[in-house]
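Numbered by our numbering, the letters in the sequence shown go through residues 834 to 1592 in order.
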Amino acid sequence: MNLTPTDSTASIASTNRAVPDRSAKMPQKKTASTATTPAPVAGVASVTQLTTKLSEYLTPSELKKVKEAYRFSDEAHLGQMRMSGEPYISHPIAVAEICADWKLDAQAIMAALLHDVMEDQDVRKDELIERFGAPVANLVDGLSKLEKIEFQSQVEAQAENFRKMLLAMARDVRVILVKLADRLHNMRTLGSMAPVKKRRIARETMEVYVPIAHRLGLNNIYRELQDLAFSHLYPMRYKTLAKAVKAARGNRREVVSKILESVNNTLDATGIPAQVYGREKTLYGIYTKMLNKRLSFSQVLDIYGFRVVVDSFANCYVALGTLHALFKPMPGKFKDYIAIPKLNGYQSLHTTLIGPYGTPIEFQIRTQDMHRVAESGVAAHWLYKDDEGSLSDLQQRTHAWLQSLLDIQKQTGDSAEFLEHVKVDLFPDSVYVFTPKSKIIALPRGATALDFAYTIHTDIGDQTIAVKINLEQVPLRTELRNGDIVEIITSPTSRPNPNWLGFVRTGKARSAIRHHLRTINLTESIELGRRLLSQALVTLNLDPELPAPVAERLLNESSAKSLDDLYADIGVGKRMAALVARHILGMVENDQLVPRPQIDADGEVLPKKIDPVVIYGSEGVSVQLASCCQPIPGDTIIGQMKRDQGLTIHTHDCDVGRRQRMKEPDRWIDVVWGSDIDRRFDCSITLLARNEKGILARVAAEIGESDSNITHVGMDEDKDHMITYLHFTVQVEDRVHLARLMRNLRSIPGVTRLLRDKG
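Below, the structure written as structure tokens:
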């Protein structure tokens, strides 16, 4: 479903609308407008219209090269039709037109015209290099999917294609600009697709392309893609909401006109040259507000906002004061994105005022330069090459983000993991904190102090041992808030902890921690992975020793470089041993290499005896003892495979483990304690004792005499009942040692109750 002039809800500038000339002077007279700009309705693109647009800013020689690229693309796609019945060449032309509206250079326009020839028509990259040069060929290659490689699943193929595109974008941002133009035209013409494919493409757009457009500051594309994806994901909700907004326009026209008249008259009297625009919220923006705040449509009063574009930086603040004098501001609803721009370079003053009839109204105040960057984002670099200095900060922010993609790629094992990390970093909401030297650092909302450390540098994150926020020491998992001053304390001997993966939020932090856990104690992970796979193969009546042909084929189909790499992936939980074993079973069944199962006298298949994995508690990072139940030798235990955290050991009666087994039963394996374990284990106990003098000293002395060591002690008082709760973490050899310790503690006068804490 395309947005039509009757149901468009966003003041999205059409990609076919000319961008105002930077040299144009600000008119002294304000203009009032409440009409929203409808999203353009896609039709058959005209090469004449494209040429006209390009002739406005390209040289004749550049225009000649673009025409040559068009002719090549036209010949390559000759006879190919779109699902709508249009000639396929209409799509590359339309994509090139969108790029022309951003005034992208000739190479990007040529890549837009040629972006499907490698993927659809088997045109080789070296042929494009010969005809159009290496830069154009590299752009087209970055836009082409990996169609000729076999993947195990659609998800893996999609993830690998995204990784290829994002890495190409990191080298040349024009790749993503052309790709966004491609996706925008595809979304405008999605009506002819099957419903299932519509939803898949719309969901992909909402999850990946919408946040990328927002991250690059392409707000026009961001808003239009959001509404188009919403219309295909939830068509009935979209239609109902569009109808309600259309009806509300007439009801609220009088209020909007009165507000515009008041604002114009007040700014006139102050002598501030400005343009005032009525701005209607997008349908998706209204929908998410209704959803998040559980409101009905009639309760969403601020579907209209106003944009005030002034002539200078100083007048932004003068206009703000003027508006606050006209209407009362809502407390807590003012944001200064001029002093502290958003991650994507966006700058404006935002304030919400109480207008006539008690209606809340949002105002955005900005200069013409800020408005241009707000609408075109990183593409403004090509729109106005004569004044790059004013955009240097935006370009630096974009470069830093693109560089972080390359850093994540270096530390990431596979494409699905890479895409997961990138998605984490595409959150639009940000929190701004300060270093001790007052440098501003922007992080995704919900980021922790440890994320801050990794944002500064990977080595600082790896060596973090403590953190201070506003001069107070806090846990590493503490979420950051706007304005926090964060100081990181490091130690050269500190190393990442697998538990950190449970609370970090940024892609850089997650990829760095996972990279470290994969590389440290690699031998242990390989050995654990070998044992887990052997156990899974025995379960399926397969020989745990893989024949050479099976091993070679398994490596080819799993994209692992060696069997040790495969074992290491299993050992850290990145691959499931049971799934790998089933894959091997499928291969050997096809090759008729399955060994015959053993049959008893009644003709029944005898189950193979499966030995559990033996645990000694000293395996290092590949095996972790769960902190919730703190298992010790003698406890009945079970193992959980956690992605990139290896094997976590729980007691069989652990409540936390029981809940997790219900969610992911396939990730649990049988484990047992080994013999001759030569180490001590932490165990938590709680004593209830009478609140009397010397009780803590008597308990501590008895723990020492029982050949145990105290690593932590805490105390709570119940003054009403004269009872003290003493919480100890003690080190014991095994369950027998713990039982002896607890028997000795119960004999202390004043101790009324004693129990072991297990979650």
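Glycine is no exception: its CB is placed at the ideal position from the N, C-alpha and C atoms.
{"Asked": "Exposed unless 16 or more other CB atoms sit within 10 angstroms - verdict on S923", "Found": "buried"}
{"Asked": "P1329 vs H1349 beta-carbon contact at 8 Å", "Found": "yes"}
{"Asked": "First through last residue of the beta strand (DSSP E) which encompasses G1111", "Found": "A1107 to E1113"}
{"Asked": "Delimiting residues of the beta strand (DSSP E) encompassing R1523", "Found": "F1514 to R1523"}
{"Asked": "Nonlocal neighbours in the same chain, by C-beta distance under 7 Å from V1504, ignoring five residues either side", "Found": "P1445, V1446, I1448, I1470, I1471, G1472 and I1482"}
{"Asked": "Collapsed DSSP secondary structure at W935 in the structure displayed", "Found": "coil"}
{"Asked": "Pair within 8 Å by beta-carbon distance, L1153 and L1186", "Found": "no"}
{"Asked": "Paired residues, beta bridge with E1566 - DSSP", "Found": "Answer is none; E1566 lacks a bridge partner."}
{"Asked": "Rounded Cβ spacing between T1557 and I1528 (contact assumed at less than 8 Å)", "Found": "7 Å"}
{"Asked": "Burial state of A1062 (16 or more Cβ within 10 Å)", "Found": "buried"}
{"Asked": "Inter-residue Cα distance where the pair is A1381 and D1398", "Found": "16 Å"}
{"Asked": "The region 1535-1544 contacting the region 1571-1580, beta-carbon criterion three pairs below 8 Å", "Found": "yes"}
{"Asked": "Buried/exposed call for F1514, threshold 16 Cβ in 10 Å", "Found": "buried"}
{"Asked": "Coil, strand or helix - M1409 by DSSP", "Found": "coil"}
{"Asked": "V1421 to T1356 span [Cα, whole Å]", "Found": "28 Å"}
{"Asked": "Spatial distance of V1532 from D1590 (CA atoms)", "Found": "17 Å"}
{"Asked": "Chain-order list of residues whose beta-carbon lies under 7 Å from that of R1579 (same chain, five-residue window excluded)", "Found": "L1587"}
{"Asked": "Minimum C-alpha distance to L1559 - residue among H1545, V1565, E1566 and D1567", "Found": "H1545"}
{"Asked": "Rounded separation between D1015 and R1033 - CA only", "Found": "16 Å"}
{"Asked": "Straight-line Cα distance separating G1335 from M1409", "Found": "19 Å"}
{"Asked": "Through-space distance from Q940 to L883, alpha-carbon basis", "Found": "15 Å"}
{"Asked": "Residue of N1374, L1520, E1566 and A1411 minimising C-alpha distance to P1466", "Found": "E1566"}
{"Asked": "Backbone secondary structure at R957 - three-state DSSP", "Found": "coil"}
{"Asked": "Exposure of I1273, with buried meaning 16 or more beta-carbon neighbours within 10 Å", "Found": "exposed"}
{"Asked": "Cα-Cα separation between V1266 and I1173, rounded to whole angstroms", "Found": "11 Å"}
{"Asked": "Inter-residue spacing [alpha-carbon to alpha-carbon] between P1193 and V1089", "Found": "12 Å"}
{"Asked": "Beta bridge counterpart(s) of R1586 as assigned by DSSP", "Found": "L1521"}
{"Asked": "Simplified DSSP assignment, three categories, for K1526", "Found": "coil"}
{"Asked": "Whole alpha helix (DSSP H) elements within the region 998-1059, 4-residue minimum", "Found": "1007-1021, 1028-1037 and 1043-1048"}
{"Asked": "Contact under 8 Å by Cβ, G1404 with S1367", "Found": "no"}
{"Asked": "Enclosing alpha helix (DSSP H) for E908 [first to last residue]", "Found": "P893 to A909"}
{"Asked": "Element boundaries [beta strand (DSSP E), containing H1545]", "Found": "N1542 to D1551"}
{"Asked": "Distance, N1125 Cα to A1035 Cα", "Found": "21 Å"}
{"Asked": "Cβ contact check for the region 1138-1148 and the region 1094-1111: 3 or more pairs under 8 Å", "Found": "yes"}
{"Asked": "Cβ neighbours of L1313 in the same chain (closer than 8 Å, five flanking residues each side left out)", "Found": "V1264, V1266, L1276, A1280, T1281, A1282, D1284, F1285, I1302 and V1319"}
{"Asked": "Coil, strand or helix - E980 by DSSP", "Found": "Summary for E980: the model assigns pLDDT 42, below 50, so the residue's position carries little reliability; its value from the coordinates is reported in the next sentence. DSSP places E980 in coil when its eight states are reduced to three."}
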